[in-house]
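Numbering (full-length UniProt numbering), first residue to last: 1 to 514.
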Amino acid sequence: MSAMEPLDSFLFFLSKAFCSPLAVFVQIQGCFICLILAFGWALAAYVRNREINRMKDSMKSGNSFAFLYRDINELEHSHQINLPRVSVVMPLKGFGEHNLHNWRSQITSLYGGPLEFLFVVESTEDPAYHAVSQLLSDFKDEVEAKIVVAGLSTTCSQKIHNQLVGVEKMHKDSKYVLFLDDDVRLHPGSIGALTSEMEKNPEIFIQTGYPLDLPSGSLGSYCIYEYHMMHAEDFRRDNYGVVSGLKDGGYSDDMTLAAIAGAHKRLITSPPVAVFPHPLASDLSFSRYWNYLRKQTFVLESYISSVNWIMNRALFTSHCYLSWGFVMPYVMAVVHITAALRMYIKGYAFDETTITTGGELSSFLLNSCKPRLSGLRLVAGLAVCTLIELFSMWNLTRVEVHLCNILSPEAPRLSLASYDWGLVFIAILVDNFLYPISAIRSHFSQSINWSGIWYHLKDGKIRKIERSKDKGPKYTDLGGKNLYGKKGAPAKISFLSSLARSLAQRRQPKKFDS
Numbered sequence: 001m002s003a004m005e006p007l008d009s010f011l012f013f014l015s016k017a018f019c020s021p022l023a024v025f026v027q028i029q030g031c032f033i034c035l036i037l038a039f040g041w042a043l044a045a046y047v048r049n050r051e052i053n054r055m056k057d058s059m060k061s062g063n064s065f066a067f068l069y070r071d072i073n074e075l076e077h078s079h080q081i082n083l084p085r086v087s088v089v090m091p092l093k094g095f096g097e098h099n100l101h102n103w104r105s106q107i108t109s110l111y112g113g114p115l116e117f118l119f120v121v122e123s124t125e126d127p128a129y130h131a132v133s134q135l136l137s138d139f140k141d142e143v144e145a146k147i148v149v150a151g152l153s154t155t156c157s158q159k160i161h162n163q164l165v166g167v168e169k170m171h172k173d174s175k176y177v178l179f180l181d182d183d184v185r186l187h188p189g190s191i192g193a194l195t196s197e198m199e200k201n202p203e204i205f206i207q208t209g210y211p212l213d214l215p216s217g218s219l220g221s222y223c224i225y226e227y228h229m230m231h232a233e234d235f236r237r238d239n240y241g242v243v244s245g246l247k248d249g250g251y252s253d254d255m256t257l258a259a260i261a262g263a264h265k266r267l268i269t270s271p272p273v274a275v276f277p278h279p280l281a282s283d284l285s286f287s288r289y290w291n292y293l294r295k296q297t298f299v300l301e302s303y304i305s306s307v308n309w310i311m312n313r314a315l316f317t318s319h320c321y322l323s324w325g326f327v328m329p330y331v332m333a334v335v336h337i338t339a340a341l342r343m344y345i346k347g348y349a350f351d352e353t354t355i356t357t358g359g360e361l362s363s364f365l366l367n368s369c370k371p372r373l374s375g376l377r378l379v380a381g382l383a384v385c386t387l388i389e390l391f392s393m394w395n396l397t398r399v400e401v402h403l404c405n406i407l408s409p410e411a412p413r414l415s416l417a418s419y420d421w422g423l424v425f426i427a428i429l430v431d432n433f434l435y436p437i438s439a440i441r442s443h444f445s446q447s448i449n450w451s452g453i454w455y456h457l458k459d460g461k462i463r464k465i466e467r468s469k470d471k472g473p474k475y476t477d478l479g480g481k482n483l484y485g486k487k488g489a490p491a492k493i494s495f496l497s498s499l500a501r502s503l504a505q506r507r508q509p510k511k512f513d514s
């Protein structure tokens, strides 16, 4: 008996086991997950493509500013002078390679109404403070902007603390407040489009948007928002407990506000144009991706009520089940394919009547060839579903890139050239495999390092905050922003670094927006 026969026997045993009714169910379920994802992305692409066609039709009708307003009459002075005041609050932490470009895109908005920008930092020692100071000095009186030093948070995350201090400092006449992450690029008409939606439907509680991740060089869901626009009065009056809910142990502004909206049955919307370029760091490492994933799963451990806790547990369970339910069929497919290759290499035929060699292995093969044929059929079905899924993802990304190019005609053109779809597919598998591991670890650790600050939860709220420059990371996770000093030369790009960027891109959801 050759040394490989025991391994072959075990491989064939696994292949046969993966043809059991339960295993077949898991593989068919994986196909359905692929198709559901593809359908969701197809819907999102349809909605955004419809918006592209509307802008093109408007341009053909003579509206060269369709990227700002669908109705050219809205550019009239009589309309612009009545636009409401908007305050843009940007909590900052660290300084990286894309920040200046992002900040310029934000403060050079073509919104026609009163507009102010509040850059909120923890302290003057933050590298972002000096970079923003230089930027604002370049624009001088061209924009209404200022830097706010918030100080250290004691009862909530530093980001939430910065946001709340920014709200306290905003103009008394502001009707809307836009909380904006500093690592995305705004389109010239974004603030105007968001304000218009809020004016049309006063019932909107939160408007959200999502990023289009742009890999730097070679390509390296839990739902997160890159911004949210809200009514300023909700913060002034603490309507629905918005301020108190965030201040009292709040870790994630997104999850806390979503929980408040759900509890009070308030409306959350995301307009089709709410897609913003989000450049990833050129030296993104796998460890930084892992910490980013940990932050995304850690939000499920924070809650503000018993109902919110139940919802988070349901999300935790369903996401973990679906993630591994997505990955397992590919593991089984590898076993089926490897078993078939071993049969081919050893000269075994798939037809039972052609197997004439003696021994236990041949006897085993007589009983397992037919099940293995059904396994290969499942592999073929999974391959077809995977191609449909990847095509749908590619199409959505193509549409979003086109949409961003139309919304920012003066900006450098975006393209799909930097996307390696082979790495994207690997990232999908690795990301879904790691998600349950990260979620379980977050559940048992109840602590997380976010931009050099350790947060410890108890009963769903932050109860302890530790700060140490020596123990924390030097750079933020995706943007690669230096937290304490000048950024050095970027590291060489490795395969793991490229995969990490793919994983980070996979974390950003491609979602149907209404």
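Where a beta carbon is used, it is the ideal one built from N, C-alpha and C, also for glycine.
Going by DSSP in three states, residue i sits in which element: helix, strand or coil?
{"i": "Y303", "result": "coil"}
{"i": "T124", "result": "coil"}
{"i": "A17", "result": "helix"}
{"i": "I388", "result": "helix"}
{"i": "S87", "result": "strand"}
{"i": "F119", "result": "strand"}
{"i": "Y330", "result": "helix"}
{"i": "M229", "result": "strand"}
{"i": "F67", "result": "coil"}
{"i": "T269", "result": "strand"}
{"i": "G189", "result": "coil"}
{"i": "H98", "result": "coil"}
{"i": "R313", "result": "helix"}
{"i": "G250", "result": "coil"}
{"i": "L92", "result": "coil"}
{"i": "W41", "result": "helix"}
{"i": "G62", "result": "coil"}
{"i": "S9", "result": "helix"}
How would you write the range of the beta strand (DSSP E) that residue i sits in, first residue to last?
{"i": "E466", "result": "461–467"}
{"i": "I147", "result": "145–149"}
{"i": "H278", "result": "275–279"}
{"i": "F179", "result": "176–180"}
In the DSSP assignment, find the unbroken alpha helix (DSSP H) run with residue i in it and report its ends.
{"i": "M255", "result": "253–263"}
{"i": "K247", "result": "242–247"}
{"i": "V167", "result": "158–169"}
{"i": "H79", "result": "77–80"}
{"i": "N291", "result": "286–298"}
Are residue i and residue j close, meaning C-beta to C-beta below 8 Å?
{"i": "L407", "j": "A45", "result": "no"}
{"i": "H336", "j": "G381", "result": "no"}
{"i": "I191", "j": "L212", "result": "no"}
{"i": "S445", "j": "L293", "result": "no"}
{"i": "residue 522", "j": "I462", "result": "In the structure displayed, the chain extends from 1 to 514; residue 522 sits before or after that span and is not available."}
{"i": "W103", "j": "V148", "result": "no"}
{"i": "R398", "j": "P277", "result": "no"}
{"i": "V120", "j": "V86", "result": "no"}
{"i": "Q163", "j": "D238", "result": "no"}
{"i": "M229", "j": "M198", "result": "yes"}
{"i": "N109", "j": "L115", "result": "The question names Asn, yet the displayed sequence has Ser at residue 109. Yes, the pair counts as a contact, with Cβ atoms nearer than the cut-off."}
{"i": "Q29", "j": "M332", "result": "no"}
{"i": "V401", "j": "L423", "result": "no"}
{"i": "Q106", "j": "V89", "result": "no"}
{"i": "F298", "j": "S392", "result": "no"}
{"i": "C385", "j": "C19", "result": "no"}
{"i": "L322", "j": "L300", "result": "no"}
{"i": "W454", "j": "S157", "result": "no"}
{"i": "A150", "j": "G94", "result": "no"}
{"i": "I268", "j": "A274", "result": "no"}
{"i": "Y251", "j": "S302", "result": "yes"}
{"i": "N432", "j": "F326", "result": "yes"}
{"i": "V167", "j": "F65", "result": "no"}
{"i": "D183", "j": "H130", "result": "no"}
List the DSSP bridge partners of residue i.
{"i": "G112", "result": "According to DSSP, G112 bridges with nothing at all."}
{"i": "V210", "result": "In the sequence on display, residue 210 carries Tyr and not Val. Y210 pairs with V275."}
{"i": "K458", "result": "K461"}
{"i": "I337", "result": "Beta-bridge pairing links I337 to no other residue."}
{"i": "I204", "result": "L267"}
Report yes if the C-beta of residue i is less than 7 Å from at least one heavy atom of the ligand COA; otherwise report no.
{"i": "A38", "result": "In terms of ligand content, the structure shown is empty, and the ligand COA therefore cannot be addressed."}
Let me see if you follow: with CB-CB separation under 8 Å, is residue i close to chain C or not?
{"i": "G241", "result": "No chain C is part of this structure, which consists of one protein chain only."}
Could you give the uninterrupted runs of the alpha helix (DSSP H) lying entirely in the region 397–454, keeping only those of 4 residues or more?
421–445, all fully within the region 397–454.
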